[in-house]
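Novice: First residue of the sequence shown? That's 1 in the UniProt record's numbering, and the numbers climb one at a time after it.
Handing you a structure now.
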Amino acid sequence: MSESKSMILGCAGKSLTEDEIRFYRDERPWGFILFARNIGEAGQIRDLVAAMRDCVGRPDAPVFIDQEGGRVQRLRPPLAPNYPAGGALGALWRDDREAGRRAAWLLARLHAFDLSRLGITADCLPVLDVPVEGASDVIGARAYGKEPNAVIELGRASAEGLMAGGVLPVMKHIPGHGRAFADTHFALPTVDTPLDELRRHDFAPFKALNELPMAMTAHVVYSAVDPDNPATTSAKVVDQVIRGEIGFDGLLMSDDTSMKALSGDFPTKAASILAAGCDLVLHCNGVFEEMSGIASRTTTLSGKSLQRADRALTYIKDRDVADETAIRAEFATYFEAVA
Numbered sequence: 001m002s003e004s005k006s007m008i009l010g011c012a013g014k015s016l017t018e019d020e021i022r023f024y025r026d027e028r029p030w031g032f033i034l035f036a037r038n039i040g041e042a043g044q045i046r047d048l049v050a051a052m053r054d055c056v057g058r059p060d061a062p063v064f065i066d067q068e069g070g071r072v073q074r075l076r077p078p079l080a081p082n083y084p085a086g087g088a089l090g091a092l093w094r095d096d097r098e099a100g101r102r103a104a105w106l107l108a109r110l111h112a113f114d115l116s117r118l119g120i121t122a123d124c125l126p127v128l129d130v131p132v133e134g135a136s137d138v139i140g141a142r143a144y145g146k147e148p149n150a151v152i153e154l155g156r157a158s159a160e161g162l163m164a165g166g167v168l169p170v171m172k173h174i175p176g177h178g179r180a181f182a183d184t185h186f187a188l189p190t191v192d193t194p195l196d197e198l199r200r201h202d203f204a205p206f207k208a209l210n211e212l213p214m215a216m217t218a219h220v221v222y223s224a225v226d227p228d229n230p231a232t233t234s235a236k237v238v239d240q241v242i243r244g245e246i247g248f249d250g251l252l253m254s255d256d257t258s259m260k261a262l263s264g265d266f267p268t269k270a271a272s273i274l275a276a277g278c279d280l281v282l283h284c285n286g287v288f289e290e291m292s293g294i295a296s297r298t299t300t301l302s303g304k305s306l307q308r309a310d311r312a313l314t315y316i317k318d319r320d321v322a323d324e325t326a327i328r329a330e331f332a333t334y335f336e337a338v339a
């Protein structure tokens with residue numbers, strides 16, 4: 001663990017190339033992430049996950065995925081059903097809060113069943129962003145609702161459901177992506193909302209769930225805090241807002257560095273993210289030259305970052321004894337259309 005570098009990397013395909021194997025062995029990423037391009041049948045995924053861990057010599061190296069439900073769901077039938085998006089849980093919650101919370105927990109517990117059987121140990125969920133009218137659809141129906149209480153209650157239930165199944169939750173996108181009027185995959189959005197309103201609305205879910213083990217940053221500029229840098233590369237946002245006002249002392253990873261919102265080459269991006277106070281640099285698209293650039297400026301996990309990484313892994317050791325068939329049957333009482 002002490003030799004891991006402060007990065008999470010993807011790979012290009014459904015199995016590792018010889019170049020990727022050598023690269024991972026030399027550069028020792030702390031964790032890995034899977035995308036749809038890496039997903040085939042169950043045995044192939046298990047083999048890929050095992051090969052990733054073998055490269056770094058760590059059986060507990062976390063492997064992440066974005067498995068939310070709705071349009072952001074990397075595992076599809078027959079590996080996992082097509083699940084509803086967060087917005088559907090929010091609609092249920094508005095009619096019946098207890099039912100909404102229960103359905104959110106059940107869905108997350110089902111994600112844990114689906115992921116654990118493949119060796120995947122971390123899900124980039126819950127989405128704690130609180131959208132406003134007119135914002136980019138990059139969050140949209142992924143959000144639990146447009147008011148903080150719904151997001152807090154359903155986000156907490158989702159995180160608890162994942163952890164009950166031995167899967168590490170990653171709340172995103174801290175300190176809030178809901179006001180972004182541009183899609184960060186393609187452009188860098190600036191939010192000019194006053195700080196008091198951000199505190200009441202955007203920051204509130206993250207503050208309420210600040211005890212969770214991991215969070216992913218937002219590639220968003222908050223001009224009230226730092227008009228020059230997005231949260232991911234802003235020491236002011238990380239120190240004053242994420243660590244300070246929100247009170248999050250868990251493991252902080254960047255959003256994907258291959259998104260267009262961040263400027264500069266990949267070595268510069270990596271250095272800027274770590275200098276801002278993030279613990280880990282995330283790179284997702286598996287492009288070898290880009291990963292090499294990231295690795296050239298990342299450092300060995302140490303100090304508080306290493307402590308946070310070690311602590312995060314303790315959240316996924318215990319798994320409950322829930323019966324999968326019973327959980328699926330109960331969830332179907334809320335969402336009968338799930339295939």
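The C-beta atom is built at its ideal place from N, Cα and C for all residues, glycine as well.
For clarity, every value in this text was computed on a predicted model and none was experimentally measured.
State the Cα-Cα distance for the pair M1 and D26, rounded to the nearest angstrom.
Specialist: Annotation note: pLDDT 43 at M1 (below 50); position unreliable, coordinate value reported separately. For M1 and D26, the distance between alpha carbons rounds to 14 Å.
Novice: Would you check if the distance between the CB atom of G13 and the CB atom of H283 is smaller than 8 Å?
Specialist: Cβ distance not < 8 Å, so G13 and H283 don't count as in contact.
Novice: Do A112 and L89 have their C-beta atoms closer together than 8 Å?
Specialist: No, these two residues do not count as a Cβ contact at 8 Å.
Novice: I need the DSSP call for M52, collapsed to helix, strand or coil.
Specialist: M52: helix per DSSP, three-state reduction.
Novice: In chain order, what residues of the same chain have a beta carbon less than 6 Å from the beta carbon of A204, not counting five sequence neighbours either side?
Specialist: Once the five neighbours on either side are set aside, the close Cβ partners of A204 are P148.
Novice: Does the beta-carbon distance from L195 to A224 come in below 8 Å?
Specialist: Cβ atoms of L195 and A224: closer than 8 Å.
Novice: Between which residues of its own chain and V130 is the CB-CB distance below 8 Å, once the five residues before and five after are set aside?
Specialist: Result list for V130: A143, G145, K146, E147, P148, V151, G176, G178, H201, D202, A204 and P205, in chain order.
Novice: With which residues is G100 paired in a DSSP beta bridge?
Specialist: DSSP output for G100 lists no bridge partner at all.
Novice: At what residues does the alpha helix (DSSP H) containing N8 begin and finish?
Specialist: According to the sequence provided, residue 8 is Ile. The question's Asn does not apply to it. It is not in any alpha helix (DSSP H) - I8 instead sits in the beta strand (DSSP E) that spans K5 to L9.
Novice: So L252 is in the beta strand (DSSP E); what residue range does that whole segment cover?
Specialist: Looking at the DSSP string, the run of the beta strand (DSSP E) that includes L252 is L251 to D256.
Novice: Could you tell me if P59 is buried or exposed, where buried requires 16 or more neighbouring beta carbons within 10 angstroms of its beta carbon?
Specialist: Answer is exposed; the Cβ neighbour count stays below 16.
Novice: Can you check which of these residues, L212, Y222 and L162, is closest to residue 401 by C-alpha distance?
Specialist: As displayed, the chain neither begins before 1 nor continues past 339, which places residue 401 out of reach and without an answer.
Novice: In whole angstroms, what is the alpha-carbon distance linking R243 and G40?
Specialist: The straight-line gap from Cα to Cα measures roughly 39 Å.
Novice: Look at the alpha carbon of A99 and the alpha carbon of T333, and state the distance between them as a whole number of angstroms.
Specialist: Answer to the nearest angstrom: the Cα atoms are 10 Å apart.
Novice: Taking C-beta to C-beta, are L212 and S254 nearer than 8 Å?
Specialist: Result no, Cβ atoms of L212 and S254 do not sit closer than 8 Å.
Novice: Return the residue from the list A135, A208, P126 and T193 that minimises the CA-CA distance to V170.
Specialist: Taking only the C-alpha atoms, the option nearest V170 is P126.
Novice: Can you look up A215 in the DSSP assignment and give me helix, strand or coil?
Specialist: Residue state, collapsed to three classes: strand.
Novice: Which one of D192, L188, A187 and L106 has the shortest CA to CA distance from S158?
Specialist: With distances taken between Cα atoms, S158 lies closest to L106.
Novice: By Cβ distance below 8 Å, which residues in the same chain neighbour F23 in space, the five residues on each side in sequence not counted?
Specialist: If we look at F23 and ignore the five residues flanking it on each side, its Cβ neighbours are F288, M291, S292 and A295.
Novice: Kindly indicate which residue of A141, A135, I246 and V321 has the alpha-carbon position closest to the one of T193.
Specialist: When each option's Cα is compared against that of T193, the closest is A135.
Novice: Would you check if the segment 62-69 and the segment 116-125 touch, i.e. whether three or more CB-CB distances between them fall below 8 Å?
Specialist: Contact between the segment 116-125 and the segment 62-69 is present, because at least three Cβ pairs lie under 8 Å.
Novice: If you follow the alpha helix (DSSP H) that M163 is in, where does it begin and where does it stop?
Specialist: Element bounds for M163: P148 to A164.
Novice: Measuring CA to CA, which of I174, L128 and D123 is closest to G166?
Specialist: Ranking the options by Cα distance to G166, first place goes to D123.
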